[in-house]
């Protein structure tokens, strides 16, 4: 693994058949086990480990894309070692790791952790790809200006992204919870679709064609029946079948960064959320690694 | 809070932004934490507390009705203090509390507890509104004449309602379990719809228009995938999306009483049942408070 | 099994090597799965089933008494079928079953259920043995005159026993929780020992020698570390080693009835409470069956 | 119960109203609590017991088939006593039990245990019905030649069935996970349908009409949202409503053997998997017992 | 409640019979639900709520001190509303609340949250009582200069206290885990006792007599058998009986502030940790409120 | 890592600060995740992984031995890859791995898995050290000739060891469960001590001085209060404090092999068993690595 990155991670990661060489990999997985700003139920810091453990129960081959992980080049760098409780320094570290991967022309695929970790990831992607689009799958708007006075919070992360991304470049899908003003803002400045994901995303394909796209998935976009293990589950979400199908569509996009956040193993007694998350990661790997 | 009611409750309740004044409220929440007659798995007495705790993870604003709890007047009186193990006295207390709220021209929105608590609630509503209709969402018929010799039981509650309500005024929706004779009785004397809820309810709107309606929801009408935390989960139920949509329809009815029963937190390890229940309560509040 | 008893039970019970003949048995196990009057956490109705299931993980042989269940005659009649929510009728049934067993000159060994089930058991034992002594192991006094207005409650059971037993015949051991007046009453009219069990019981042996003794064990006399699965766990109890040693002492007493109550499997995620309870039952069987 | 069988089982079983006479029964339930070859999460040996316990929460009557268990003749023989860790001897015992039941002209309905238990069951059915068809509902192909060098494994069971069944007689439905070569093999030699079950099965009815059919259901064909309690849950499965409807179709087939495998209670904290499994068994009993 | 404090809290607290008047109270409870800097398992933010819920299962009367909560004046102000993820601002708020209570001549009894919350509490107590002693019950030293580069951390809290307290005024009891240098430092500059608590504290009574003492209890000083629900459980701790007895000793000290930290309900499936914590709070209230 | 060993393991292991070089290590950890012959509750195959995960919550430094893992040379090779369900082949693999480590003059420290894994480990140690002594800490005798007809079983493992070890060389400590004949055999041919461990082991020191000793610890020797997460918990065991102290004594013995078996994470909801196991491993590493 590249020296600069190697110093920042614990090196314990291994998602399924992850290859041993960073250099050859086109997609690089790393975990960002941060959960300091969550307001309801914490515990997403154990998300990356649970997803990797669950991956051992998966096949490398996907019927959905008729393709196997053995056919693609990816590398799992393990989890970043982050300072507990220091939000700004942790975000800095996450951004630095993303910058290394992006700088090497690779795609970062990051496992959260809370949603705020997407901020530095998108910032770095934006630095490399100034015309970046962000597709945001979530139950929640995450568009507050501040949350109990804090500007850096899992509930403000997409507002912070708006600060630099430019109007009309942020696409919220599957949203079903937030303050009324968030919905107004999201509709006015960005694209915002209530509840549904698959069809709206298909409809967006022409608009997004060719553009560099960062794809961020909050697991709570999925209904709690399929993914109970998350901080703020919201009834009324999409099914696991739909999220898997959504991943297949990524083949048709130019994905330059991807994250899956808010998996909280402690609220996942049967382990099904981690298993679904591992499947989403497999499908994403297969779809975005070209 | 009114003195007579204040003496009966623990005063600890606070569902989300519940206002501080009973007098101004149009809808009054209270809990009826009774679970003495359940035959399978007990524990619904902790339902009201769990629903209130879960409400803290919710937004006040609903995308489904484009309305916020801040726009309506409701009051949460807390839980009734009930004598443990004394079924008749407990039902008496519940009826008394309902009578106070109804007597003040307000709508009681009651959190169970087991389904038997609906009996005194419906009795009091019937006293005030003699032409009352009852809409009953449940997986089970609850129409037995007696259960192991007992006439007052969670499994007989709707039969007891039939005793005074008058033919053709009870609507069972979503039902999928019960003895064969219950289905015969329900179809003969009442309206009974198997499995489905949303479309049948829509079809009933003309028939129910204007009439005073008591709406009772046993959480097990929802499939265990979405609401595992209940005493007798029955596979094959409706989705959380459907129950939420059903709540929106209540806007078009003249609801004079509402209850949500049978949430059993101890069988809800991920907390998703309580979260769904809190969402149902929010939607009900928004729809019935005019 | 005797016809009168056979009609009352579900016949599913089988504690370890329980023989097949009621007639030859000297000790008869039955379950009393009632939990209607509990004030905090319910669920003891599943206690008898959990104890029997756990017994499959036990050996028949006990190192503590150097004796095996294969050497004694006992019979497991299964659980009583009780009317849900009807306290008085359920107690009646329990008493009736005890009367049958006692009438046949056998010792009833009853698995609860809540502590109130001891009332009819002790009443029937008292009818047969008018000079009965009751030894009561518990964390709680259970001596209230009434509880929230109810005279029949798990919190009043020992007061109800006092009503007919006669002064000085009730021995409370291991007690560490209750209202101040209960302690005054217990000390004045009965024998009451705080926290400790083993040594005080040894000291009582001369006093109890020869007398007919009913022995009632609330599992919460044991510390929650060893027995978390109960309704109202109280820190500061005895160890599992101590309760096992206590059982051995029963060999030296003339036990005419025994119960073990308040095992609540739903609060016992590791199953250790049921396993300890099964061990207590094995030891009691070995000690009291002569 | 027949002497030969009686010696092999623990005799503790009683699924709902199971009659007391083996002789009159047309369908005979027994459990095969073996889970030695599982590769991910073990614990299915407790499946049969959990399914029976859950059956107590069910009604005898089914709305789906408008029929009650009281109308049919079945017998529950309890669980086989199997040697722990000895795969070949355990399979032998299972086959022997099936041979007895089949030899008496009855239908075995077996509760697993891991999927490998289907091998001796299907072998015995094949011996009696040489033109046997096997319908296989599962998330996984189970068609490996060997698994980590082992030929007898839950992951190879259907390959072993292919060894003797003859081409074109094995129907895989609902499959969504396996190595690529399994899918090639399944499609080439057998019938294999991805993800879906209900419609494909309906389409097969003419082809299967009259033929003796063995029906094996791995509970993981159902989505983890509805059935989390299994060893290798796979997101993207069918709903509980669909599996129940599938059972009704069995009325139109000539079912000569049935099993339901891979229920693992320890991963089923809310108990909903066992409850669904009990419902599947009830529906299967009603549909196949003629 | 005093206006300045009332604005800072959620006002939902009510530990058992907590009186309604802040003014008359001698001891004031509040919760500090902060858990941002924990390094292993988070979730202590739900500690205060769980402790209050558990208090409903307790008696007001204590056999250990032969005294009842009804005899003393205390007030429960509820939980502080803290900014999620902002460590310095949260500590500021906690300090401010403590300053109000201390300024009114009352004793703050604070429920954590993580151990770092003790820092502002002790700072404020030190401001009012410059000759303050701190008694620290914990499994861990918490004496690191920094933790992964952070100076404010649950693992550095006692080092930060040393920064201002003055040599020889800090007493560590029950300690059994930490880096070697922490033990050297603790022994050199403070008092440090390995593993044991009760006897060492008794021995310190003459030395502490009359001095103002701040008493901070990390629940993990208790063995995980008695208190599993905490972030970093350490085998080898004291029993629940010992911690209860320790509380009684506080009667003989001049306690000016008290906290109980690190209760994490999500790792407490049986609820016994919260129940023990509630008992510790009851005993502390009885012992320190004079 | 040595090539022969490297091919057999998954290489994922890393117990705390485990060094990177097999060659320099004096003690070599590996996991043997086999649980095929257990008779009650399975799941110990996940034991090694859970122990390593829990080790991250531990300090390297031990107060009990005043020594740190950083001062000793050990290596963690990860888990053996074992064929599921094939008992003889799995035992063969385990023996082969042990032979490599022993052949290199190193001490194997093996994490189970069920107790049967000790058989090949002790066999290999015996091959190298013909005058081997075995010290066996366990709740159960494990001395059956066969178990349900099987000679290789977790319940027969010590009998199989007796087959080759020679009389008087096997020391059973802490035993409290088994058939009567096991106790007779154990006392006649070996040394057998009921319930206690620490004092008896101290008394044995002179007898064992200098001799090569294999030390096998079944976690269930510890009481379920301290270690609930195991297959067959037996009330009445030693405390976690005692087992930790026992480990310190190993310094005075010539330990040539060590294992810790029967940790079953799925029955360990609070994680305390794995944490205690990790602590036992740390103490063992410090005591036996010279």
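Residue numbers (the working numbering), protein chains in the order written: chain A, 1173 to 1462; chain B, 1173 to 1462; chain C, 1173 to 1462; chain D, 1173 to 1462; chain E, 1173 to 1462; chain F, 1173 to 1462. Quick reminder that beta carbons are idealized off the backbone N, C-alpha and C, glycines included. On a predicted model such as this, the values are computed, not experimentally measured, just so you know.
Alpha carbon of residue i to alpha carbon of residue j, nearest angstrom
i               : j               : result
residue 1333(A) : residue 1209(C) : 56 Å
residue 1328(F) : residue 1233(C) : 17 Å
residue 1294(E) : residue 1277(E) : 15 Å
residue 1336(E) : residue 1404(A) : 40 Å
residue 1463(A) : residue 1204(A) : The structure shown does not extend to residue 1463(A), since chain A spans only 1173 to 1462, so no value can be given for it.
residue 1219(E) : residue 1432(A) : 29 Å
residue 1419(C) : residue 1372(E) : 36 Å
residue 1429(E) : residue 1409(A) : 47 Å
residue 1412(A) : residue 1367(B) : 23 Å
residue 1251(C) : residue 1290(C) : 15 Å
residue 1353(B) : residue 1414(B) : 28 Å
residue 1229(D) : residue 1345(B) : 21 Å
residue 1259(C) : residue 1258(B) : 8 Å
8 Å contact criterion, which residue i and residue j should meet: CB distance rounded
i               : j               : result
residue 1249(C) : residue 1177(C) : 6 Å
residue 1308(D) : residue 1216(D) : Contact flag wrong, Cβ pair sits at about 17 Å.
residue 1313(F) : residue 1285(F) : With 8 Å as the limit, residue 1313(F) and residue 1285(F) do not qualify as a contact, their Cβ atoms being about 19 Å apart.
residue 1406(F) : residue 1348(F) : 6 Å
Residue i, enclosing alpha helix (DSSP H) - first and last residue
i               : result
residue 1182(C) : Unbroken run through residue 1182(C): none, as it is neither H nor E.
residue 1315(E) : Note, residue 1315(E): premise wrong, no alpha helix (DSSP H); not H, not E.
residue 1174(C) : Looking at the DSSP string, residue 1174(C) is not in any alpha helix (DSSP H), and its letter there is neither H nor E.
residue 1294(C) : 1290-1300
residue 1138(D) : Chain D is shown from 1173 up to 1462; residue 1138(D) falls before or after that span and cannot be answered.
Bounding residues of the beta strand (DSSP E) (the contiguous stretch that carries residue i)
i               : result
residue 1305(C) : 1305-1309
residue 1272(A) : That residue, residue 1272(A), is in no beta strand (DSSP E); its alpha helix (DSSP H) goes 1259-1275.
residue 1430(D) : 1426-1433
residue 1282(B) : 1279-1284
residue 1249(D) : 1246-1251
Chain D contact residues for residue i, given Cβ-Cβ distances below 9 Å
i               : result
residue 1413(B) : Neighbours of residue 1413(B) on chain D: none; closest Cβ ~13 Å, over 9 Å.
residue 1215(F) : 1213, 1214, 1215 and 1438
Proximal residues of chain B, C-beta to C-beta of residue i below 9 Å
i               : result
residue 1398(D) : 1395, 1396, 1397 and 1407
Neighbouring residues, chain A, relative to residue i (Cβ below 8 Å)
i               : result
residue 1439(B) : Simply none; closest approach about 11 Å.
Chain E contact residues for residue i, given Cβ-Cβ distances below 8 Å
i               : result
residue 1545(F) : The first residue shown for chain F is 1173 and the last is 1462, placing residue 1545(F) beyond what the model contains.
Under 9 Å from the C-beta of residue i: neighbouring residues of chain E
i               : result
residue 1458(A) : Within 9 Å Cβ-Cβ: nothing; residue 1458(A) doesn't reach chain E, min ~33 Å.
residue 1227(F) : Going along chain E, no residue has its Cβ under 9 Å from residue 1227(F), so there is no contact; the nearest lies around 11 Å.
*Please go through the region 1348-1422 of chain F and give each complete alpha helix (DSSP H) segment of 4 or more residues, from N-terminal end onward.*
1352-1361, 1370-1380 and 1412-1421
*Run through the region 1195-1239 of chain E for me and flag every whole beta strand (DSSP E) of 3 or more residues, listed as ranges in chain order.*
1199-1204
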